[in-house]
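Protein chains in written order, with this note's numbering: chain D, 1 to 127; chain S, 1001 to 1265.
This is the structure:
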């Protein structure tokens, strides 16, 4: 069993997908904590620490991921919180590469089957 | 932040019963109860989290919010979404918030609630707000945990038949009817007052109506007899451990004749 923070950052107000991922994780026997909408990177960092999650699964659909993910990484580092991050959303190949270079463990583009997402998150949690 | 991270790690240790949890718990037992516990219970969807949002904003870093949500009896997994409703910005000066999955524990709480409370107690926290799994009829265990037990209802929840039944309502220190901007709140209030003989407060988390009164009542409530808490803790622990053993044994039993069933404790 893993503990995963489903994190929505920024002005993006769409969380149906995030909730579906949460449900899928629940059905696979994991505990998914949902952050709620419109969180700041700082808030996500603190939540991930308080909840002591194994993985931070970020979902951003507003297109602001290249701005927000680096801030999240910075907020985590500032507090010496060492947790793997995954990203889900609509993202170009080039951006994917640069997120991976920043240390994001997995990228789930639109259309990734839920089962694959769960499998990958499980794998990251177990590392 | 380092302190928060440490607390969080210790909570996980206690929750998952990882190696060393008993030693840690034994150490925590040495500090006397000073933590005031305020429990919010009631059916799902009545607005417990929304009310608590107000207190998250008001409280400081000497307060913790423990939010219990149910685990799936099918998969064992859980979605913990109580804190998703909290609009208050959280940072280091704000309360420590932790979500808890009930993990098969009945009675509206979780096995780990006592070790968690002990940990916050020994970390010199002053109060703990506990949001229980949204149940109403079978959560008397909450009484043992709570210095102040608030049962939250909405205008649609229940009538005089529900009010007269045995259950959580009997145990409540205060009955709160949320969403009282809706029709039916006054009617339910008068039913509840007449039948339960308890204090009933109509509030609205949406419009903030009477939330200040609720706040006052919580402030005025006292930390209960510490001995009561100790007894409740022991009882809950013993019951949890026994149920765990029982469940394991039942699963192993191949030919189950209920009359033959024996368990050593």
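Yeah, the Cβ is synthetic: ideal placement off N, Cα and C, and Gly gets one too.
Short CB-CB distance (under 8 Å) between residue i and chain S
i	result
residue 120 (chain D)	no
residue 22 (chain D)	yes
residue 14 (chain D)	no
residue 25 (chain D)	yes
residue 116 (chain D)	no
residue 33 (chain D)	yes
residue 57 (chain D)	no
residue 50 (chain D)	yes
residue 125 (chain D)	no
residue 81 (chain D)	yes
residue 43 (chain D)	yes
residue 65 (chain D)	no
residue 17 (chain D)	no
residue 10 (chain D)	no
residue 88 (chain D)	no
residue 28 (chain D)	yes
residue 36 (chain D)	yes
residue 1 (chain D)	yes
Paired residues, beta bridge with residue i - DSSP
i	result
residue 107 (chain D)	D:87
residue 34 (chain D)	D:6
residue 1098 (chain S)	S:1066
residue 1040 (chain S)	S:1131 and S:1150
residue 1202 (chain S)	S:1177
residue 1046 (chain S)	Per DSSP, none; premise fails for residue 1046 (chain S).
residue 58 (chain D)	D:7 and D:87
residue 1078 (chain S)	D:31
residue 39 (chain D)	D:9
residue 1209 (chain S)	S:1204
Cutoff 8 Å: residue i Cβ touching any chain D Cβ
i	result
residue 1045 (chain S)	no
residue 1085 (chain S)	yes
residue 1128 (chain S)	no
residue 1096 (chain S)	yes
residue 1133 (chain S)	no
residue 1020 (chain S)	no
residue 1118 (chain S)	no
residue 1104 (chain S)	no
residue 1249 (chain S)	no
residue 1348 (chain S)	Because residue 1348 (chain S) is not part of the residues shown, which for chain S are 1001 to 1265, the question remains open.
residue 1072 (chain S)	yes
residue 1078 (chain S)	yes
residue 1205 (chain S)	no
residue 1004 (chain S)	yes
residue 1009 (chain S)	yes
CB-CB length for residue i against residue j, believed under 8 Å
i	j	result
residue 1115 (chain S)	residue 1014 (chain S)	4 Å
residue 1201 (chain S)	residue 1208 (chain S)	At roughly 13 Å, the Cβ-Cβ gap does not stay under 8 Å, so residue 1201 (chain S) and residue 1208 (chain S) are not in contact.
residue 9 (chain D)	residue 68 (chain D)	5 Å
residue 1056 (chain S)	residue 1132 (chain S)	Not quite, the Cβ-Cβ distance comes to about 17 Å (not below 8 Å), so this is no contact.
residue 1104 (chain S)	residue 1071 (chain S)	6 Å
For residue i, the nearest candidate out of the options (CA to CA)
i	options	result
residue 1199 (chain S)	S:1259, S:1173, S:1182 and S:1059	S:1173
residue 1146 (chain S)	S:1156, S:1109 and S:1119	S:1109
residue 1178 (chain S)	S:1189, S:1168 and S:1171	S:1189
residue 1225 (chain S)	S:1249, S:1057, S:1143 and S:1046	S:1143
residue 63 (chain D)	D:97, D:91 and D:82	D:91
residue 45 (chain D)	D:80, D:23 and D:126	D:80
residue 1168 (chain S)	S:1007, S:1047, S:1041 and S:1011	S:1041
residue 29 (chain D)	S:1028, S:1076 and S:1048	S:1076
residue 1182 (chain S)	S:1046, S:1023, S:1236 and S:1222	S:1046
residue 1030 (chain S)	S:1119, S:1236 and S:1206	S:1119
residue 1204 (chain S)	S:1154, S:1001 and S:1223	S:1154
residue 1197 (chain S)	S:1019, S:1180 and S:1175	S:1175
residue 1238 (chain S)	S:1060, S:1112 and S:1043	S:1112
residue 1089 (chain S)	D:27, D:25 and D:43	D:43
residue 41 (chain D)	D:24, D:127, D:32 and D:5	D:5
residue 125 (chain D)	D:106, D:114, D:112 and D:95	D:106
residue 54 (chain D)	D:110, D:23, D:82 and D:115	D:82
residue 33 (chain D)	D:114, D:97, D:2 and D:116	D:2
residue 1028 (chain S)	S:1251, S:1122 and S:1059	S:1122
residue 1165 (chain S)	S:1228, S:1192 and S:1180	S:1192
residue 1236 (chain S)	S:1141, S:1246 and S:1048	S:1141
Neighbour list for residue i in chain C, Cβ cutoff strictly below 8 Å
i	result
residue 1110 (chain S)	The structure shown contains no chain C; its protein chains are D and S.
beta-carbon residue i near the ligand GTP non-hydrogen atom, thresh 7 Å
i	result
residue 1038 (chain S)	The model on display carries no ligand, and the ligand GTP is accordingly not part of it.
Pair every Cβ in the segment 1094–1113 of chain S with every Cβ in the segment 1214–1223 of chain S, then say whether three or more of these pairs are closer than 8 Å.
-> no
Inter-stretch contact at 8 Å, needing at least 3 Cβ pairs: the segment 1154–1164 of chain S / the segment 1049–1062 of chain S | no
Between the segment 1064–1076 of chain S and the segment 9–19 of chain D, are three or more C-beta pairs nearer than 8 Å?
-> no
Between the segment 1120–1131 of chain S and the segment 1030–1039 of chain S, do at least 3 Cβ pairs fall closer than 8 Å?
-> yes
Is the segment 39–51 of chain D touching the segment 70–82 of chain D, taking contact as three or more C-beta pairs under 8 Å?
-> yes
Just checking, does the segment 1075–1093 of chain S make contact with the segment 1143–1157 of chain S on the three C-beta pairs under 8 Å criterion?
-> no
Do the segment 82–96 of chain D and the segment 52–63 of chain D meet, that is, are 3 or more Cβ pairs less than 8 Å apart?
-> yes
State whether the segment 36–43 of chain D contacts the segment 107–123 of chain D, with contact taken as three or more CB pairs (one from each stretch) at a distance under 8 Å.
-> no
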